[in-house]
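Asker: Take a look at this one; I'll ask things after.
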Ligand code: FES
Ligand code: FES
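Protein chains in written order, with this note's numbering: chain A, 239 to 1012; chain B, 803 to 964.
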């Protein structure tokens, strides 16, 4: 026997030995024993401690800033203010990899005069101890003259409104036009219109932003930090006025990201202080710094007007979208685009008109968050589906079945979907997995809801996304993978190891993955946009495959057979029809090395490249591909208190091919609880732009007490663009959860709360109003 | 500078002397002495990432002053990872994929281990209550519950005994 592991036959009848197995991740043991070093666990001799002074007012004018007392404090090494950075700006645009020109959305690094949001940085402090830095922070004197601010998108659009972003507070706008909506509405028997509102929320990763920077002997600014994007090194270099090769960002295992570590966080402050002091500098955000200091999920107002025939065929859809982008642009135009493109859901609708705007206010700026606009879109379109079903009295699942897209259909932007669309299969299986309905008693009502979705994986195709990976085999037959991908907790690095192990015929234990170092590991792009597995997985696959080809060829000549007769497994190269005829990879690699065989390969994977969509019609391809699936829940609602308990939560997703099914389940389970918080309890409260809930005692994420029974159903169409036909699951696992819960609550109580979070107070009010109207 | 003193404390079974200023938290003190397995998530007692055991009882080290552990014993995750005899929780977390970003993991293991000594055959509710002070944003807790139950089973069979 050459292969002791149980062979796994996929639909394509390909034997996979490593991929598709719930293997222990390469990073698991270090984390489970406490040995993993996170970015905050590194120190250096002579290290300084940094602190950021922030504005506690959202809209104002900085009249005076006097750091002289703080500078005079013994142990204070540097205090930087806007005066020290006269011509420096920080990029807020999408982290680019291509050198393509970025949008003109740079922001001031430290406040020069105008303060646009609560928490905007006024000064940077570096001191010998954290306590001295704290004291210096309190000794900086400043005077802020409050200015009128604007805190609602509707107010920001009014004539004479304070201008947060020139010229008119509109920072993004997208239109989609398909077919003829007038004609579509004329064909409809019913027209149903509703507006849905989503709230500001916080990523709440457990590890606050942290990093350590030093300038090395070559004058390179090194920054070891917790980030999803090491390739911000380019923006840091631009902001510092140094060449790109003079800034290096090294990641570490990241204690959660969810989009909140996608934009620049501590790295620019660290670079500035390390350069100013020429000493190592550490900056660790407190939880409050983290709440106040990074961008949030956009609140959206989304109005759907849907025309539908009496048997449930959707004939026309008009959607109006407004997003609060807060005080700086950051990724708002892209988040808005995702929302607009996602707005029709996984449905085939021939007549579509979508208008969307992202609007600047003096609230905290909003940017990336798992689901990236498409999650907000789903909150609206799936609630609307249930409202349509209710209004025209047809079954809500049948309504969905009647309208689901099929492979080969076009999206609203005219992009043909070529991969599997298993929305129906996923919904049917998720509903079945809910099992027998739970009995309801007295004031407690039980309800069920589903949400299906269409969520892209991979970046917008006109970004021309690429990723690189290097794979090599050592002379003892062990394997090394190098790729710049950041690992934010989902097993991004381990997955590359599993792919290389599969192709090179070794176990995952025989692979070491080096990742997340902009100077040393080949650049692989960002861990965002559900692209890490797709892009870096394909790069690792490509490099492994080329290396495999060389090894197989060399083994074939050693074993005296043709290359097509040789396979690699269990650390051996063997003849497929005569497994006794074999040589170990160790011997093979050593023999190969002595013959000058190239034992490594660097490969680049390129996503599909397109031109931008048409500005007037929004027509054209936007994403490489999409994931489809369904989340189903059962809830119990106490109609007296409004309290909601999620009883069962099932995610069923076609992810193409699970590389590590256990890791996929982890995404689905984590998404289930994060979505539950989004639906029920999480909301950042801003008063006049000031965050009044900057702690976990006020901002409530789900705890172990809130955990329902969660089931994950993994479907594998093997039709995706990722390695082995994989799609993506990072964002899709979250997207349908909140709308499924909203629909289950509406099912339980017979009326709907149209704005998230669905708190007990809102439920009680909705019930009272429904009563009064009855 | 605030007053410093040396305190004797047993950490993971080894007698140590730690220097600490009067106002230093146990969290900062342990990390300053190289115990990076103790994590800082909020420094307000809200997240449980910093949990350690003092004389076997789980506490948030961010709310505990270092001086107050003088003469007592402190257990961190490192203490559960005895080279000869690692706690069955560790193997169970690895087997079930209960670790994602891993930042919450040290605190969760500390809380779970303390619960398992009180409740050798915990129900879901026992686990939920024991971990209610430990936030995890990645896992949805599901695989953590599975692992804790498995570790309980192993311990009941006599596995992982000292
Ligand atoms: S750091 Fe101690 S409870 Fe959060
Ligand atoms: S594994 Fe990331 S917070 Fe728990």
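Glycine included, C-beta positions come from ideal geometry on N, C-alpha and C.
(1) Just the chain B side, please: which residues come within less than 7 Å of residue 900 (chain A) by C-beta, in chain order?
(2) How would you write the range of the alpha helix (DSSP H) that residue 662 (chain A) sits in, first residue to last?
(3) Measure the alpha-carbon distance for residue 923 (chain A) versus residue 951 (chain A) and round it to whole angstroms.
(4) Looking at residue 727 (chain A) and residue 468 (chain A), is the spacing between their C-beta atoms short of 8 Å?
(5) Is the CB of residue 963 (chain B) under 8 Å away from at least one CB in chain A?
(6) Quick check on this structure: which residue in A:835, A:554, A:317 has the alpha carbon closest to the alpha carbon of residue 588 (chain A)?
(7) When every heavy atom of ligand 1 is checked, does at least one fall within less than 7 Å of the C-beta of residue 849 (chain B)?
(8) Return yes when the Cβ of residue 434 (chain A) is within less than 8 Å of the Cβ of residue 617 (chain A), no when it is not.
(9) From which residue to which residue does the alpha helix (DSSP H) around residue 947 (chain B) run?
(10) Measuring alpha carbon to alpha carbon, tell me which residue in A:707, A:762, A:386 is nearest residue 214 (chain A).
(11) Looking at chain B, which residues of the segment 273 to 286 of chain A have a Cβ within less than 8 Å of any of its Cβ atoms?
(12) Ligand 2 and residue 891 (chain B): does any heavy atom of the ligand fall closer than 7 Å to the residue's C-beta?
(13) Give the residues of chain B in contact with residue 835 (chain A), contact being defined as C-beta atoms less than 7 Å apart.
(14) In angstroms with no decimal places, state the Cα-to-Cα distance between residue 842 (chain A) and residue 494 (chain A).
(15) Going by C-alpha to C-alpha distance, which of A:1002, A:768, A:1000 sits closest to residue 958 (chain A)?
(16) How about residue 934 (chain B): is its Cβ closer than 7 Å to a heavy atom in ligand 1?
(17) Among residues of its own chain, excluding the 5 on either side of residue 863 (chain A), which ones have a beta-carbon nearer than 8 Å to its beta-carbon?
(18) Rounded to the nearest angstrom, how far is the Cβ of residue 592 (chain A) from that of residue 414 (chain A), given a contact under 8 Å?
(19) Which residues in chain A have a C-beta closer than 7 Å to the C-beta of residue 944 (chain B)? List them in chain order.
(20) Which class does residue 846 (chain B) belong to by DSSP, given the choice of helix, strand or coil?
(21) Taking 7 Å as the cut-off, is the CB of residue 758 (chain B) close to at least one heavy atom of ligand 2?
(22) If you measure between the beta carbons of residue 770 (chain A) and residue 737 (chain A), is that distance less than 8 Å?
(23) Going straight from the alpha carbon of residue 999 (chain A) to that of residue 945 (chain A), what length do you get?
(24) Taking DSSP as the reference, what is the three-state secondary structure of residue 586 (chain A)?
(25) Counting beta carbon pairs with one atom in the segment 281 to 299 of chain A and one in the segment 920 to 930 of chain B, are three or more of them shorter than 8 Å?
(26) Beta carbons nearer than 7 Å to chain B: which residues of the segment 770 to 788 of chain A have them?
(27) Please determine if the segment 826 to 835 of chain A and the segment 613 to 630 of chain A are in contact, where contact requires at least 3 C-beta pairs separated by less than 8 Å.
(28) Residue 700 (chain A) bridges to which residues according to DSSP?
(29) Can you tell me whether DSSP reads residue 864 (chain A) as helix, strand or coil?
(30) What's the call for residue 996 (chain A), buried or exposed, on a 16-neighbour Cβ count within 10 Å?
(31) At a cut-off of 7 Å, would you count residue 933 (chain A) as near ligand 1, judging by its Cβ distance to the nearest heavy atom?
(32) How many Å lie between residue 281 (chain A) and residue 511 (chain A) at the Cα?
(33) Take residue 442 (chain A) and list the residues in its own chain whose beta-carbon comes closer than 6 Å to its own, dropping the five residues that flank it on each side.
(34) Taking CB distances under 8 Å as the criterion, tell me whether residue 885 (chain B) reaches chain A.
(35) Hey, how far is the Cα of residue 964 (chain B) from the Cα of residue 835 (chain B)?
(36) Nearer than 7 Å: is that true of the beta carbon of residue 842 (chain B) relative to any heavy atom of ligand 1?
Answerer: According to the data block:
(1) Taking a Cβ-Cβ threshold of 7 Å, the residues of chain B close to residue 900 (chain A) are 899, in chain order.
(2) For residue 662 (chain A), the enclosing alpha helix (DSSP H) starts and ends at 661 to 671.
(3) So the two alpha carbons sit approximately 36 Å from each other.
(4) Taking 8 Å as the Cβ cut-off, residue 468 (chain A) and residue 727 (chain A) do not qualify as a contacting pair.
(5) The predicted model places residue 963 (chain B) with a pLDDT of 48, which falls under 50 and marks its position as unreliable; any figure quoted below should be read in that light. Closer than 8 Å to the CB of residue 963 (chain B) there is not a single CB belonging to chain A.
(6) The residue among A:835, A:554, A:317 with its C-alpha nearest the C-alpha of residue 588 (chain A) is A:554.
(7) At least one heavy atom of ligand 1 is nearer than 7 Å to the Cβ of residue 849 (chain B), so yes.
(8) Yes; because the gap between Cβ atoms is below 8 Å, this pair is in contact.
(9) Per DSSP, residue 947 (chain B) belongs to the alpha helix (DSSP H) from 944 to 958.
(10) One cannot answer for residue 214 (chain A) here, as it falls past the ends of chain A, which runs 239 to 1012.
(11) When CB distances to chain B are screened at a threshold of 8 Å, the residues of the segment 273 to 286 of chain A falling below it are 273, 274, 275, 276, 278, 279, in chain order.
(12) Distances taken from the Cβ of residue 891 (chain B) to the heavy atoms of ligand 2 include none shorter than 7 Å.
(13) The contacting residues do not exist; residue 835 (chain A) stays about 36 Å from chain B at best.
(14) Cα to Cα, residue 842 (chain A) sits roughly 27 Å from residue 494 (chain A).
(15) Comparing alpha carbon positions, the residue from A:1002, A:768, A:1000 closest to residue 958 (chain A) is A:768.
(16) It does not: the Cβ of residue 934 (chain B) is nowhere closer than 7 Å to a heavy atom of ligand 1.
(17) Correct list, in chain order: 655, 656, 657, 694, 695, 696, 958, 959, 965.
(18) Yes, residue 592 (chain A) and residue 414 (chain A) are in contact; Cβ-Cβ is about 4 Å, under 8 Å.
(19) The answer, in chain order, is 907, 945, 948.
(20) Residue 846 (chain B) falls in the coil class under three-state DSSP.
(21) Outside the shown range of chain B, which is 803 to 964, sits residue 758 (chain B), and nothing can be said about it.
(22) Contact flag unset, no.
(23) Taking the Cα positions, residue 999 (chain A) is about 22 Å away from residue 945 (chain A).
(24) In the three-state scheme derived from DSSP, where H, G and I count as helix and E and B as strand, residue 586 (chain A) is classed as coil.
(25) With a cut-off of 8 Å, the segment 281 to 299 of chain A and the segment 920 to 930 of chain B do not count as touching, because too few Cβ pairs lie within range.
(26) Of all residues in the segment 770 to 788 of chain A, none has a Cβ within less than 7 Å of some Cβ in chain B.
(27) As far as the Cβ criterion goes, the segment 826 to 835 of chain A does not touch the segment 613 to 630 of chain A, which means the pair count is below three.
(28) Bridge pairing for residue 700 (chain A): absent [DSSP].
(29) Looking at residue 864 (chain A) - three-state DSSP - the assignment turns out to be strand.
(30) Buried.
(31) Flag unset: Cβ of residue 933 (chain A) not near ligand 1.
(32) Distance between the alpha carbons of residue 281 (chain A) and residue 511 (chain A) is about 16 Å.
(33) Here the set comprises 939.
(34) It does not: the Cβ of residue 885 (chain B) has no partner Cβ on chain A nearer than 8 Å.
(35) With a pLDDT of 46 at residue 964 (chain B), under the threshold of 50, the predicted position of this residue should be treated as unreliable, though the coordinate-derived value follows. For the pair residue 964 (chain B) and residue 835 (chain B), the Cα-to-Cα distance works out to about 27 Å.
(36) Yes, ligand 1 has a heavy atom inside 7 Å of this Cβ.
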